[in-house]
Amino acid sequence: MWRISGFLLLGFSATLFAHDVPMEEIIVHGRQVDLIGQSLTPSEGIIGQQEIKIRPLLRSGDIMEFVPGMVVTQHSGTGKANQYFLRGFNLDHGTDFATYIDGMPVNMRTHGHGQGYTDLNFIIPETIQKMTYKKGAYFADVGDFSGAGSAAFETSTTVDKGMTEITGGENNFFRAAGIDSFAINDANVLLGFEVNYNDGPWIDIKEQLKKYNGLLKYSQPVADGTLSWTFMAYSNEWNSADQIPARAVDQGVVDKLGSIDDTVGGESSRYSVSLHWQNSNWHALAYLIRYDMHLWSNFSYFLEDQIKGDQFQQVDERLIYGGDLSYAFETDWFGFISENKMGAEFRIDDINEVGLYRTQARRRMGAIRSDRVDEKSLGLYWQSQTFWTSQFRTMIGARFDYYDFQNTNRVGTNIHGVNLNPNNGNVDDDLISLKASAIYRLNPKWEFYASAGQGFHSNDGRGTTITVDPFDPLSGQIDAVDPLVSSLGYEMGIRGFMTDKLNTSMALWALDLDGELLFVGDAGNTEANRASVRQGVEITNYYFINEEWSLDLEYAYSDARFKKNLGGGDKIPGAIEQVLQAGLNIEMKNGWFSSLRLRYFGERPLTEDGAVESDSSTIWNFRLGYQRENWVFKADILNLTDSDDHDVDYYYESRLPSEATGLGTEDIHFHVFEPRTLRLSLGYQF
């Protein structure tokens, strides 16, 4: 089915995703940009390359921790998408948080591993000009996966100086990266690359990470606007050190850096080309993405199959076509100026295979299910900001989304003897989402905000047509999932900005999420997920002591509960209550620079009754660098205090090979922080 989807953006220059912030502002510090009079909520923000390049990062996905309150962890190999936590959500690998790069969506629908899968390994941090983030579902230009918020990365068009850098570290860590730009007549060409190898600190495996990234961007003035053509290439393969059961460590079966199954891992690639044109009124984008992933995992070890083990492979091979078009314009109604934006966006996921296989040591034993899915969506939106006085403005917006799911079984009868052909089918659904905000400027330094909005996430296309459980031929017909699941959010707060010295904000928020049947990618079937309510507070402070020294402090508290207690409790497993991040940054005029970072996330329930909780986790990272003329030296100490806190914890049933036949044990399964590691970098600017 052919589909046109449009990208309809807010029609005022204040909206960060729709508004081009002047380049000179971003070159300094995104945190120093005065958003009073521009933003719609207190929880919006901008990050510039200057802030990105000074922060020590263990993994490229850690760049998402620039979003206040966001926690980025890893429970598997470096090549797998990170685990994200925000606003009382265990976002898994991306559900309910929308991510974009140069306008292209990053979240994967109907993904082999998890709905909304957000793998940021293809991003080269040095090529990011700015990152804008928005919490909540108050923005009509953001659709799928937007309940908790969204982030948009924008790559650079030019750089003042070219750069190449080599990094070496413990455990055979090696990274080479570079970026440069040059002019051809009135056009600009930007090139970027990254090569990364790493074995990791694990005892039973070597990660043998082999990651390659490339970026080519061509930009030139065309027809009273700017035309950009961007090509991105990413390839990666790795072995994984997955989470392990606490009892295995306590009993001396494995070390805390060990593995139960040392044959798991993955390989993935992403290639994209996009064409983007914009002027002061029009914005147009078209893109094509080729994506592949093969992922081998084993979370329960020998629970289901006590001889060959429970390892499984998840497959995702697809093409994504999409685009968006928007038009911004002003209207004058009885002397009141309104800035409007209308748009349409479309996306087609042509999924050749999304599969789940039973494996042993990466060798296939049979298919649990394998499907071909065609998923199409169309989004239309309108947003208008009206300036009623010099101090008071409002925004209203509306969005319409239409989805079509076509699912075709590829295997007939699976390894469990289940005929999966009844799962074939076609389903469509649509949804209208409304948004509104009111903003009052108290004075030039302080502004008050109140917002309400509806958001949504789509569900896995395989679940929309499911009728047969792939594990049990005798289970009878099972219910399909809801194709689109809505949410309703509220937010109010205040923002202050004092003469480039202090940028502060506070937001009180709440989010209601409908109950749903959820498709489970690791199992190939569905499970019920109750309606929930989340609420909390976020406080951010960025203090610029002088031109060389700055401090930042971010705190977030969230309370997440199911609306109904069915007897087992109402707590949402994995929902982090408290997150604290702080940093001290130094950029001396004599060439020295440094960054010291603290991240703390508190205890969180692992069961609905709260009887089992994870411990809190604290990690410090440190960077010290020196620039002399064109040479740049950096030393990163990651996990400065050598903490053995946990990066992530789960509570579920598993069985070790030495344990009694037919019996599983409920236990905490964890992935520990990587031990303290030193990485040294030498760079040259030209």
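So for the sequence shown, the numbering used here puts the first residue at 538; every next one is plus one. Using N, Cα and C, we set each Cβ at its ideal position, and we do this for glycine too.
- Cβ-Cβ distances below 8 Å link Pro-1010 to His-953, Gly-954, Val-955, Asn-956 in the same chain, with the five nearest sequence neighbours on each side left out; the list follows chain order.
- In terms of Cβ geometry, Gly-684 and His-1183 do not form a close pair [threshold 8 Å].
- According to the DSSP assignment, Lys-1108 belongs to no beta strand (DSSP E), since it is labelled neither H nor E.
- For Leu-893 and Val-852, the gap between their C-alpha atoms comes out near 6 Å.
- A distance below 6 Å between beta-carbons, with the five flanking residues on each side excluded, links Trp-983 to the following residues of its chain, in chain order: Gly-1033.
- Glu-1190 sits close to Gly-1201, with the two beta carbons spaced by under 8 Å.
- Cβ contact annotation for Asn-709 (same chain, cutoff 7 Å, sequence separation greater than five): Tyr-734, Asn-735, Asp-736, in chain order.
- The DSSP-derived three-state label of Phe-676 is coil.
- Collapsing the DSSP output to three states places Gln-611 in coil.
- Note that the C-beta distance between Gly-649 and Met-830 is below 8 Å.
- For Ala-720, DSSP records a beta bridge to Asn-725.
- Contact annotation, Ala-904 with Ile-933: C-beta distance approximately 49 Å; criterion of less than 8 Å not satisfied.
- The three-state reading of DSSP puts Asn-960 in helix, counting H, G and I together.
- For Ala-783, the enclosing alpha helix (DSSP H) covers residues 783-787.
- Around Arg-592, the same chain offers Ser-1132 as residues with beta carbons nearer than 6 Å, after the five sequence neighbours per side are excluded.
- In chain order, Asn-733, Asn-773 place their CB closer than 6 Å to the CB of Lys-748, counting only its own chain and leaving out the 5 sequence neighbours on each side.
- Per the C-alpha coordinates, the member of Leu-746, Leu-1050, Ile-1015, Leu-1215 positioned closest to Gly-614 is Leu-746.
- The alpha-carbon of Ala-865 is positioned some 24 Å away from that of Phe-682.
- By the neighbour-count definition (other C-beta atoms within 10 Å, threshold 16), Phe-849 is a buried residue.
- Excluding its 5 nearest sequence neighbours in each direction, Asp-887 has C-beta neighbours in its own chain below 8 Å: Arg-855, Leu-856, Ile-857, Tyr-858, Asp-911, listed in chain order.
- The segment 922-942 and the segment 964-980 touch, with three or more beta-carbon pairs separated by less than 8 Å.
- When C-alpha distances from Pro-782 are compared across Ser-1012, Ser-796, Asn-961, the shortest belongs to Ser-796.
- If you look at Thr-1001, you'll find it in the alpha helix (DSSP H) that goes 998-1001.
- His-813 is the residue among His-813, Ala-720, Trp-739 whose C-alpha sits nearest the C-alpha of Ala-760.
- Fully contained in the segment 1062-1097 are the following beta strand (DSSP E) runs of length 3 or more, in chain order: 1062-1066, 1069-1081.
- In the three-state DSSP reduction, Met-668 falls in the strand class (E or B).
- Rounded to the nearest angstrom, the Cβ distance from Ala-1017 to Gly-998 is 11 Å, too far for a contact under 8 Å.
- The beta carbon of Leu-577 is closer than 6 Å to those of Met-932, Ser-974 in its chain, skipping five residues each way along the sequence.
- Contact annotation: Tyr-1092 and Leu-1039 have beta-carbon atoms that are not nearer than 8 Å.
- Taken in chain order, the unbroken stretches of beta strand (DSSP E) that lie wholly in the segment 1132-1209 and span 3 residues or more are 1154-1165, 1168-1175, 1183-1191, 1202-1209.
- Distance from the Cα of Trp-739 is smallest, within the candidate group Gly-715, Gln-780, Leu-727, for Gln-780.
- In the three-state reduction of the DSSP assignment, Pro-662 falls in the helix class.
- Three or more beta-carbon pairs separated by less than 8 Å are not found between the segment 1066-1077 and the segment 584-598, which leaves the two stretches without contact.
- A direct Cα-Cα distance of roughly 15 Å separates Thr-1214 from Arg-1134.
- For Met-1029, the secondary structure class from DSSP, reduced to helix, strand or coil, is strand.
- Between the alpha carbons of Ile-600 and Pro-662 lies a gap of roughly 8 Å.
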